[in-house]
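Residue numbers (our numbering): 248 to 385.
Shown next, in the form of C-alpha coordinates:
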(Lines of atoms letter the chains of each structure in order from A and count residues from 1; the text may use other names and numbers.)
(Lines give C-alpha, C1' and ligand atoms only; values in the text may rest on other atoms or scores of the structure.)
Protein backbone atom coordinates (compact mmCIF):
# COMPACT_ATOMS: atom_id res chain seq x y z
CA UNK A 1 0.00 0.00 0.00
CA UNK A 2 1.31 3.45 -0.93
CA UNK A 3 2.44 5.73 1.87
CA UNK A 4 0.18 8.71 2.60
CA UNK A 5 1.99 11.89 1.52
CA UNK A 6 2.88 14.37 4.24
CA UNK A 7 3.74 18.05 4.08
CA UNK A 8 4.07 20.02 7.35
CA UNK A 9 2.71 23.14 5.67
CA UNK A 10 -0.41 21.31 4.47
CA UNK A 11 -1.21 20.15 7.99
CA UNK A 12 -1.24 23.81 9.12
CA UNK A 13 -3.05 25.27 6.06
CA UNK A 14 -6.48 26.20 7.39
CA UNK A 15 -7.66 27.60 4.04
CA UNK A 16 -6.90 24.30 2.28
CA UNK A 17 -8.77 22.47 5.04
CA UNK A 18 -11.73 24.86 4.73
CA UNK A 19 -11.81 24.30 0.96
CA UNK A 20 -11.83 20.51 1.45
CA UNK A 21 -8.44 19.88 -0.20
CA UNK A 22 -6.74 16.49 -0.01
CA UNK A 23 -3.02 15.98 -0.58
CA UNK A 24 -1.94 13.35 -3.13
CA UNK A 25 1.74 14.14 -3.87
CA UNK A 26 4.24 16.15 -1.82
CA UNK A 27 7.80 16.20 -3.15
CA UNK A 28 10.43 18.89 -3.54
CA UNK A 29 9.32 20.92 -6.59
CA UNK A 30 6.17 18.86 -7.21
CA UNK A 31 2.76 18.61 -5.55
CA UNK A 32 -0.72 17.40 -6.46
CA UNK A 33 -3.93 18.11 -4.57
CA UNK A 34 -7.63 17.38 -5.11
CA UNK A 35 -10.88 19.12 -4.15
CA UNK A 36 -14.52 18.22 -4.79
CA UNK A 37 -16.57 21.34 -5.44
CA UNK A 38 -19.64 22.04 -3.34
CA UNK A 39 -22.28 24.75 -3.57
CA UNK A 40 -20.25 26.63 -0.93
CA UNK A 41 -17.64 27.20 -3.69
CA UNK A 42 -20.23 28.78 -6.04
CA UNK A 43 -20.47 32.37 -7.22
CA UNK A 44 -23.70 34.18 -8.09
CA UNK A 45 -23.87 32.39 -11.46
CA UNK A 46 -24.01 28.93 -9.88
CA UNK A 47 -20.50 27.90 -10.87
CA UNK A 48 -17.22 27.72 -8.97
CA UNK A 49 -16.08 31.17 -7.84
CA UNK A 50 -12.79 32.27 -9.39
CA UNK A 51 -11.49 33.03 -5.91
CA UNK A 52 -12.11 29.43 -4.81
CA UNK A 53 -10.29 28.09 -7.88
CA UNK A 54 -7.46 30.60 -7.30
CA UNK A 55 -7.15 29.65 -3.61
CA UNK A 56 -7.03 25.97 -4.61
CA UNK A 57 -4.24 26.63 -7.15
CA UNK A 58 -2.41 28.87 -4.67
CA UNK A 59 -2.47 26.10 -2.06
CA UNK A 60 -0.83 23.78 -4.60
CA UNK A 61 1.74 26.50 -5.39
CA UNK A 62 2.67 26.82 -1.71
CA UNK A 63 3.12 23.06 -1.37
CA UNK A 64 5.14 22.86 -4.59
CA UNK A 65 7.62 25.58 -3.68
CA UNK A 66 8.19 24.56 -0.04
CA UNK A 67 10.23 21.37 0.40
CA UNK A 68 8.32 18.94 2.66
CA UNK A 69 11.68 17.62 3.87
CA UNK A 70 13.23 21.03 4.52
CA UNK A 71 14.84 21.99 7.82
CA UNK A 72 12.43 24.88 8.48
CA UNK A 73 15.09 27.60 8.37
CA UNK A 74 13.53 29.18 5.26
CA UNK A 75 10.09 29.54 3.73
CA UNK A 76 9.17 30.22 0.14
CA UNK A 77 6.42 32.77 -0.49
CA UNK A 78 4.67 34.12 -3.55
CA UNK A 79 6.14 37.25 -5.10
CA UNK A 80 3.54 37.30 -7.89
CA UNK A 81 1.12 35.12 -9.81
CA UNK A 82 -0.81 35.09 -13.05
CA UNK A 83 -3.91 32.97 -13.51
CA UNK A 84 -5.99 32.26 -16.59
CA UNK A 85 -9.43 30.74 -16.07
CA UNK A 86 -10.21 28.38 -18.94
CA UNK A 87 -13.52 26.68 -18.08
CA UNK A 88 -16.31 26.98 -15.55
CA UNK A 89 -17.03 24.19 -13.08
CA UNK A 90 -19.93 23.23 -10.83
CA UNK A 91 -20.72 21.49 -7.55
CA UNK A 92 -20.01 17.78 -7.67
CA UNK A 93 -17.02 18.10 -9.99
CA UNK A 94 -13.60 17.23 -8.64
CA UNK A 95 -10.63 19.47 -9.39
CA UNK A 96 -7.01 18.38 -9.46
CA UNK A 97 -4.13 20.86 -9.18
CA UNK A 98 -0.61 19.77 -10.05
CA UNK A 99 2.41 21.99 -9.57
CA UNK A 100 5.95 21.73 -10.88
CA UNK A 101 9.10 23.80 -10.66
CA UNK A 102 9.87 25.45 -14.03
CA UNK A 103 13.07 27.41 -13.30
CA UNK A 104 15.08 28.64 -10.32
CA UNK A 105 17.95 31.08 -9.78
CA UNK A 106 19.23 31.98 -6.34
CA UNK A 107 16.28 32.67 -4.04
CA UNK A 108 13.78 33.17 -6.89
CA UNK A 109 11.84 30.56 -8.85
CA UNK A 110 8.93 30.06 -11.24
CA UNK A 111 6.30 27.32 -10.92
CA UNK A 112 3.41 26.20 -13.11
CA UNK A 113 0.21 24.92 -11.55
CA UNK A 114 -2.39 23.29 -13.79
CA UNK A 115 -5.96 22.90 -12.58
CA UNK A 116 -8.12 20.32 -14.35
CA UNK A 117 -11.25 18.36 -13.67
CA UNK A 118 -10.52 14.80 -12.60
CA UNK A 119 -11.28 13.70 -16.17
CA UNK A 120 -8.60 16.03 -17.56
CA UNK A 121 -10.56 19.09 -18.74
CA UNK A 122 -8.39 22.23 -18.25
CA UNK A 123 -9.92 24.68 -15.76
CA UNK A 124 -7.10 27.13 -14.98
CA UNK A 125 -3.44 27.79 -15.75
CA UNK A 126 -1.52 29.40 -12.88
CA UNK A 127 2.08 30.61 -13.00
CA UNK A 128 3.63 31.57 -9.70
CA UNK A 129 6.82 33.44 -8.95
CA UNK A 130 8.41 32.82 -5.57
CA UNK A 131 11.06 34.14 -3.23
CA UNK A 132 12.78 32.14 -0.49
CA UNK A 133 13.23 34.07 2.75
CA UNK A 134 14.31 33.26 6.33
CA UNK A 135 11.55 31.63 8.35
CA UNK A 136 9.90 33.95 10.89
CA UNK A 137 11.87 33.94 14.12
CA UNK A 138 15.05 32.61 12.49
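All C-beta atoms, glycine included, are put in the ideal place defined by N, C-alpha and C. Predicted model only: the values in this text are computed from it and were never measured.
Query: Rounded distance between the beta-carbons of residue 382 and residue 319, thought under 8 angstroms; Result: 6 angstroms
Query: Through-space distance from residue 374 to residue 325, alpha-carbon basis; Result: 10 angstroms
Query: Span of the alpha helix (DSSP H) around residue 298; Result: 297-312
Query: For residue 262, the three-state DSSP class (helix, strand or coil); Result: helix
Query: Three-pair Cβ contact test at 8 angstroms for the stretch 326-333 versus the stretch 280-294; Result: no
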